[in-house]
Every structure is written in structure tokens, then in C-alpha cells.
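Mapping of the sequence shown onto full-length UniProt numbering: residues 1 to 163, in sequence order.
Think of the CB as a built atom: it goes at the ideal place given N, C-alpha and C, for glycine as much as any other residue.
No experiment lies behind these values; they were computed from the predicted model shown.
Here the structure comes first, spelled out in C-alpha cells, and everything after it is commentary.
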Amino acid sequence: MINMPALRRPDISAWRGTLAPRRLLKFASVGLAATVLYALCACLFTSAGSRYLSPATASVAAYAVAAIFSYLGHKFFTFMSAGPHRFEAPRFAVLTGFGLAAAYLLPVLLVGQFGLPVAIPILLTCILIPVINFVVLEGWIFSGSVRPDRDPERVPLVRKSGA
Numbered sequence: 001m002i003n004m005p006a007l008r009r010p011d012i013s014a015w016r017g018t019l020a021p022r023r024l025l026k027f028a029s030v031g032l033a034a035t036v037l038y039a040l041c042a043c044l045f046t047s048a049g050s051r052y053l054s055p056a057t058a059s060v061a062a063y064a065v066a067a068i069f070s071y072l073g074h075k076f077f078t079f080m081s082a083g084p085h086r087f088e089a090p091r092f093a094v095l096t097g098f099g100l101a102a103a104y105l106l107p108v109l110l111v112g113q114f115g116l117p118v119a120i121p122i123l124l125t126c127i128l129i130p131v132i133n134f135v136v137l138e139g140w141i142f143s144g145s146v147r148p149d150r151d152p153e154r155v156p157l158v159r160k161s162g163a
């Protein structure tokens, strides 16, 4: 019996980093489009539904529309993930919730507690949240290894044996 070496799919993690500048550009374009969509929806929801929606409710509804767009844009355009929605969507929702909480808490703490100008937490939100989002989206949500038993990059070992 001859044991042949195990055959595996080539490790793409080595060249995955070489696409980082392109991925960053895609990430920024989806983020910018989601931001514009949020602004348009928030304006539409507050003007058209001002009798029915408070500004805060309109903003949250617009944020939800933009978040759905952002999820789909990052899944299919930025990271081109083939992972299942049932694993990626809830993780994206958690990340979005943390981003929303940070966008709320930074002004509360920095302006309300420390008396800093409002521009400081806004600037921190605009810088920190996208950086954290990119890292988490790439490393945890659209990493391709959502679950070890469902990882699309894992290929079972194939051993050839001769008789």
C-alpha cells in the first residue's frame, strides 16, 4: 500500500491580505452608500411621516434600512462571502448594535460627563466605528470560518492508496 500525501485546497489566507486595498475601497464605498441611504430615508421618514413617526423613530427606521443594505453590500460585494445568512446576519446585527450603542454613549460620556465639544465624540465615532467594523466584519462575520464543520474553505482530506 502506497500512502500519498494528503490533498487540500490551497491556503488562500496568504494572498487574501494582498486584496486589502481593494477590500478597503469596497468597504468604504458600501459604507458611504449606506450612510447616504440612511440620510435619505431619515429625511423621507421625517417629512412624509412626521405625523406618524417621531424624529427618533424615523431615524431608527432609516438606520435599519441602511443596516440591511450594509449587510448585503458587505456580504456580497466587499467580502464576497458564501457563508450562510443564519450565522452571518445575527453576528452583523450584534456588531451594528454595538456601533449604535457606541454612537450613543460616546457623546453622553464625552460631552455630558467630561464637557468636551460635541465634535470630539462625532469624530471618534466616524473614525473608530468603521475601523472596528472592518476588523470584525473580516475576522468574525465574513471570515469564511463561521463554524468549523461548515467552513467552505475546509476540504476533507483525500488519501489515495494503491493496492
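Simplified DSSP state of residue i, which is helix, strand or coil
{"i": "Phe45", "result": "helix"}
{"i": "Ala56", "result": "helix"}
{"i": "Phe27", "result": "helix"}
{"i": "Arg22", "result": "helix"}
{"i": "Ser70", "result": "helix"}
{"i": "Ala82", "result": "coil"}
{"i": "Phe134", "result": "helix"}
{"i": "Phe142", "result": "coil"}
Distance between beta carbons of residue j and residue i, contact taken as under 8 Å
{"i": "Phe142", "j": "Phe79", "result": "4 Å"}
{"i": "Leu100", "j": "Tyr63", "result": "7 Å"}
{"i": "Thr46", "j": "Leu53", "result": "7 Å"}
{"i": "Lys20", "j": "Gly73", "result": "Note that residue 20 corresponds to Ala in the displayed sequence, not to Lys. The Cβ separation is near 18 Å, so there is no contact."}
Pick from the options that is closest to residue i, judged by C-alpha positions
{"i": "Phe77", "options": "Thr35, Ala61, Gly31 and Ala103", "result": "Gly31"}
{"i": "Pro130", "options": "Phe87, Arg51, Thr57 and Ala28", "result": "Ala28"}
{"i": "Gly139", "options": "Ala39, Phe69 and Leu95", "result": "Leu95"}
{"i": "Leu124", "options": "Ala102, Ala42, Gly112 and Arg51", "result": "Ala102"}
Run through the region 84–123 for me and flag every whole alpha helix (DSSP H) of 4 or more residues, listed as ranges in chain order.
The DSSP assignment places 85–107 as complete runs of the alpha helix (DSSP H) inside the region 84–123, in order along the chain (cut-off: 4 residues).
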